[in-house]
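Participant:
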Amino acid sequence: SDEYYPNCAVNALLTILRDPSLSPHHQNAVVSIMYMFSSLGLRCVPFLAQIMPSLLQLVRSSEARFKEFLFQQLGVLVTIVKQHIREYLGEIFKLVREYWNAHMLNIATLVEKVAIALNDEFVTYMPIVMPLILTVFHSEQPSSRKKTIRLAQTLEVFGTLLDDYQHVVIPALVRLFEIEHPEEDLDVAVAAIRCVGRLSTKLPIHDFMARIIHPLLRTMDPTHLFTVVNSTNDTISREFGGAAQPSAVPL
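Just so we're aligned, residue -4 is where the sequence shown starts under the numbering used here, counting upward by one.
#1: Identify whether T196 lies in helix, strand or coil by the three-state DSSP scheme.
#2: State the DSSP-derived secondary structure class of R13, mapped to helix, strand or coil.
#3: Any chance the segment 151 to 166 sits against the segment 196 to 215, with 3 or more Cβ pairs inside 8 Å?
#4: Enumerate in chain order the residues of its own chain whose CB-to-CB distance from Y83 is below 6 Å, with the five nearest sequence positions on each side excluded.
#5: Spell out a yes or no on whether the segment 55 to 71 and the segment 17 to 29 are touching, meaning 3 or more CB-CB pairs, one atom from each, closer than 8 Å.
#6: Using 10 angstroms around the beta-carbon of L198, count the other beta-carbons present and answer buried if the total reaches 16, otherwise exposed.
#7: Drop a sphere of 10 angstroms on the beta-carbon of A243, count the other beta-carbons inside from all chains shown, and report buried for 16 or more, exposed for fewer.
#8: Exposed or buried, H98, counting other C-beta atoms within 10 Å across all chains shown (16 or more means buried)?
#9: In whole angstroms, what separates the C-alpha of E58 from that of E93?
#10: In terms of alpha-carbon separation, which member of N2, N23 and C3 lies closest to L12?
#11: By Cβ distance, which residues of its chain are closer than 6 Å to L127, with the 5 residues on each side in sequence left out?
The structure is reproduced here in structure tokens:
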């Protein structure tokens, strides 16, 4: 049987993962599993029932640095098995909620890969993910800047999945670039502006045009924002038949 040798390998690697005394070897065991699954492609799907319980338990029981690694590897696994991960998403999203604050950057990548794998089916998990993202966007903590920039990318990945969330997403993004930004916040403003422009190609944002365009044009005063604002304004104008005003003269 073609599955005989992979099955032997999986059983041997699971023995290592389940033994706390072998924790120094857990990372190599996980790497070996992912390498084998990558080689097998979708033929690894029958092994998920063996691997996933141990992998998810390992996330809970491991120390912080290894958790980072495991969330990264879960993303790799989702890329390999695609929509076949759906049976385990309930447990995965329990971990997402539990460890979001501590491991947000790697979890965001995992969530993006799940969204890509499931496509429209991912809408089921949007009520879990969106409050987590919006909490970061509304945070006043300086430590949230890097996270905000990263999560703007996540919204771009979601694309049309945000259709039912426009009323909260668009104002949250606009807020990030309509206020007076000190020098260190300009990267956040740029990320938000670009995100709005890219989402305008995927979402019917007609109802938010005035809410977007007026603050957008006002942000052109800092010369280092001119290019990104001009580009975003042009994108929105193309998408909505010239509905946006020409961006040559800032308001």
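The C-beta atom is built at its ideal place from N, Cα and C for all residues, glycine as well.
Facilitator: On the basis of the data shown:
#1: On the sequence shown, position 201 is the one that residue 196 refers to. It is coil, neither helix nor strand.
#2: One-based indexing of the sequence shown puts residue 13 at position 18. For R13, the three-state secondary structure derived from DSSP is coil.
#3: Counting Cβ pairs under 8 Å, three or more are found: they touch.
#4: Translated into the one-based positions of the sequence shown, residue 83 becomes position 88. Excluding positions up to five away in sequence, the list reads M47.
#5: These segments touch.
#6: If you number the sequence shown from 1, residue 198 lands on position 203. Residue burial is scored here from C-beta neighbours: L198 has at least 16 other C-beta atoms within 10 angstroms and is therefore classed as buried.
#7: Reading the sequence shown from its first residue, position 248 is the one you call residue 243. Because the pLDDT of A243 is 38, which lies under 50, any placement of that residue in the model is unreliable, and the question is left without a value.
#8: For the purposes of this step, residue 98 is taken as the residue at position 103 of the sequence shown. With a 10 Å radius around the Cβ and a threshold of 16 neighbouring Cβ atoms, H98 comes out buried.
#9: By one-based count along the sequence shown, residue 58 stands at place 63. By one-based count along the sequence shown, residue 93 stands at place 98. The straight-line gap from Cα to Cα measures roughly 14 Å.
#10: Position 17 of the sequence shown holds residue 12. Nearest of N2, N23 and C3 to L12, Cα basis: N23.
#11: As a working mapping, residue 127 is identified with position 132 in the sequence shown. Cβ neighbours of L127 within its own chain (closer than 6 Å, five residues either side excluded): W95.
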